[in-house]
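Beneath this line is the structure, given in structure tokens, with notes to follow.
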Amino acid sequence: MRASHGHQRWWPGDTPFEVCIGAILTQNTAWTNVERAIANLKAAAVLEPRRMFALSEEQLAELIRPAGYFNVKARRLRAFLRVLVVDHQGDLRRLFCGETAQVSARLLAIKGIGPETADSMLLYAGGHLSFVIDAYTRRIFLRHRWCGASEGYQELQALCQATLNQKPPSKLLDYWQDYHAQLVRIGKDYCRPRFARCAHCPLRALLPGG
DNA sequence: TGCCAGGCCGGGT
DNA sequence: ACCCGGCATGGC
Numbered sequence: 003m004r005a006s007h008g009h010q011r012w013w014p015g016d017t018p019f020e021v022c023i024g025a026i027l028t029q030n031t032a033w034t035n036v037e038r039a040i041a042n043l044k045a046a047a048v049l050e051p052r053r054m055f056a057l058s059e060e061q062l063a064e065l066i067r068p069a070g071y072f073n074v075k076a077r078r079l080r081a082f083l084r085v086l087v088v089d090h091q092g093d094l095r096r097l098f099c100g101e102t103a104q105v106s107a108r109l110l111a112i113k114g115i116g117p118e119t120a121d122s123m124l125l126y127a128g129g130h131l132s133f134v135i136d137a138y139t140r141r142i143f144l145r146h147r148w149c150g151a152s153e154g155y156q157e158l159q160a161l162c163q164a165t166l167n168q169k170p171p172s173k174l175l176d177y178w179q180d181y182h183a184q185l186v187r188i189g190k191d192y193c194r195p196r197f198a199r200c201a202h203c204p205l206r207a208l209l210p211g212g
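The first sequence begins at 3 in the working numbering and counts up by one.
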């Protein structure tokens, strides 16, 4: 995948904080809509933990309106910001400090942060080895019959992590970050829901027997 | 026009 | 432990 399309350089976002905010905003939402919301936050000069937390839920909701679910997401953003600002001095390095499993539990305890959002933050903002499973990943694996329809998040993640562990530890973070990004790109191009199969998916060539 | 997009929560079985 | 409705905008 990387040989044909190059390193994807994910996650889109200039800073770890922007990555975290984007992770919440993109829940079940097209990234183009998230970009508008982030542009609003930048224009309002509140893309910083304490300044964003200083906004009321209503003010925040208005700024992120283009991202959809704006009332829900404003509440979720503030739940995240409260933990970051109040419990960790507004310092992401403190929030992400500790063992991966421990930090993961810390994030999952926040209302509005589920497995994918937590893993996105861990992998792309926290430097933790926690593989991201999203709709594209699930769909690609399902259509190629690399997993069953009933596989849960944890099972699919365990499968990916065990498979993608065959590299020097120093390379894994970059590898996992790009691997997930590559799956999303493949998914957008070849594995959308309306296609009955990934008929033209280049991954097909990787399978024994095509 | 309707379907889709990088989920998650809360209430009900 | 699952299943479902709700949440909302913009693009094709």
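We put the CB at the ideal spot given by N, CA and C, even for glycine. Only a predicted model underlies this, so the values are computations on that prediction, with no experimental measurement involved.
Residue 69 is positioned such that its CB atom lies no closer than 7 Å to that of residue 32. The beta carbons of residue 177 and residue 166 sit about 7 Å from each other, so the pair counts as a contact at 8 Å.
For residue 9, the three-state secondary structure derived from DSSP is coil. Taken through DSSP and simplified to helix, strand or coil, residue 147 comes out as coil. Assignment of residue 49 by DSSP, reduced to helix, strand and coil, places it in the coil class. When the five nearest sequence neighbours on each side are left out, the beta carbons in the same chain lying within less than 6 Å of the beta carbon of residue 136 are those of 118, in order along the chain. Taking the Cβ atoms as the reference, residue 66 lies roughly 15 Å from residue 56, outside the contact range of under 8 Å. Contact annotation: residue 51 and residue 92 have beta-carbon atoms nearer than 7 Å. Judged by DSSP in its simplified three-state form, residue 82 adopts helix. One thing to note: residue 143 has its Cβ no nearer than 7 Å to the Cβ of residue 159.
Uninterrupted alpha helix (DSSP H) stretches at least 4 residues long and entirely within the segment 160 to 201 occur at 171 to 192, given in chain order. Residue burial is scored here from C-beta neighbours: residue 130 has at least 16 other C-beta atoms within 10 angstroms and is therefore classed as buried. Taking the C-beta atoms as reference points, residue 179 is found nearer than 7 Å to residue 125. Taken in chain order, the whole alpha helix (DSSP H) runs of length 4 or more contained in the segment 77 to 126 are 94 to 97, 102 to 110 and 117 to 126. Spanning the alpha carbons of residue 149 and residue 187 requires a straight line of approximately 20 Å.
Classified as exposed, residue 88 has fewer than 16 neighbouring CB atoms from the shown chains inside 10 Å of its CB.
When secondary structure is reduced to three states using DSSP, residue 54 falls in the helix class.
Distances from the alpha-carbon of residue 107 to those of 62, 114, 13 and 120 put 120 closest. Secondary structure note for residue 203: it is in no alpha helix (DSSP H), with a DSSP letter that is neither H nor E. For residue 60, the enclosing alpha helix (DSSP H) has its first and last residue at 59 to 65. Cβ atoms of residue 20 and residue 49 come within 8 Å of each other, at about 6 Å. When only Cα atoms are considered, residue 103 and residue 116 end up about 14 Å apart.
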